[in-house]
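Student: Okay, here's the structure, questions in a sec.
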Amino acid sequence: MFLITDNDNAGFNKNGKLSKKAQRFIQLQGNLKERFYCLKSREIENLLQPKVISSVLFDFEGKEIDFLKTTIDDYRNDYLGRYLEDNIQGLKKKYSADSGTILNKIEFAKKAVSYISTIEDLSEEARTLGELLYNFIKNQNR
């Protein structure tokens, strides 16, 4: 088993103590070792490159969306759906669920995958994660 978790901004709570989620991540890391990966970003969709997101938005909106000046660091720790709605003017569709995450994640993901065709289309963290998963599978098949 290889476990990948969203970061969900787990860290210290308001009292300066590790949150329960952060404590759980530490325990999982201790138990699973190299078979555990906690994303550096809030959620898996935050690994998408801006050009991929821009293409997905074009599909949904039917017009060019100025998202290419954005960097992953701009939205790494935000809910992507809320980030899109708060930072892009003139969107016709709703992108944020009540929680702030992407609404209709499956449809969004299918469109995003269709725009990923080379290794350069992946973010640095997505490449790292892909390599870790590849090596895990390779080692399991020995």
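Position 20 (the sequence shown) corresponds to 19 in numbering that gives the first Met the number 0; numbering is contiguous. We put the CB at the ideal spot given by N, CA and C, even for glycine.
1) Name the one or two DSSP bridge partners that residue 95 has.
2) Going by DSSP, what residue range makes up the beta strand (DSSP E) through residue 66?
3) Exposed or buried, what is residue 89 when buried is set at 16 or more other beta-carbons lying within 10 Å of its beta-carbon?
4) List the endpoints of the continuous alpha helix (DSSP H) containing residue 83.
5) Could you have a look at residue 127 and say whether DSSP puts it in helix, strand or coil?
6) So residue 27 packs on residue 2, CB below 8 Å; how close in whole Å?
7) What first and last residue would you give for the beta strand (DSSP E) that runs through residue 36?
Tutor: The structure says:
1) Taking the sequence shown and counting its residues from 1, one reaches residue 95 at position 96. BP columns for residue 95 point to 101.
2) Counted from its first residue, the sequence shown places residue 66 at position 67. No beta strand (DSSP E) contains residue 66, which DSSP labels as neither H nor E.
3) In the sequence shown, counting from the first residue as 1, residue 89 sits at position 90. Its Cβ having fewer than 16 others within 10 Å, residue 89 is exposed.
4) In the sequence shown, the residue the question calls residue 83 occupies position 84. 79-86 is the span of the alpha helix (DSSP H), which, as asked, contains residue 83.
5) Numbered from its first residue, the sequence shown carries residue 127 at position 128. Note: residue 127 maps to helix in three-state DSSP.
6) Locating residue 27 in the sequence shown gives position 28, counting from the first residue. Locating residue 2 in the sequence shown gives position 3, counting from the first residue. Rounded, the Cβ-Cβ distance is 6 Å, consistent with contact.
7) Working through the sequence shown from its first residue, we reach residue 36 at position 37. 35-37 is the extent of the beta strand (DSSP E) around residue 36.
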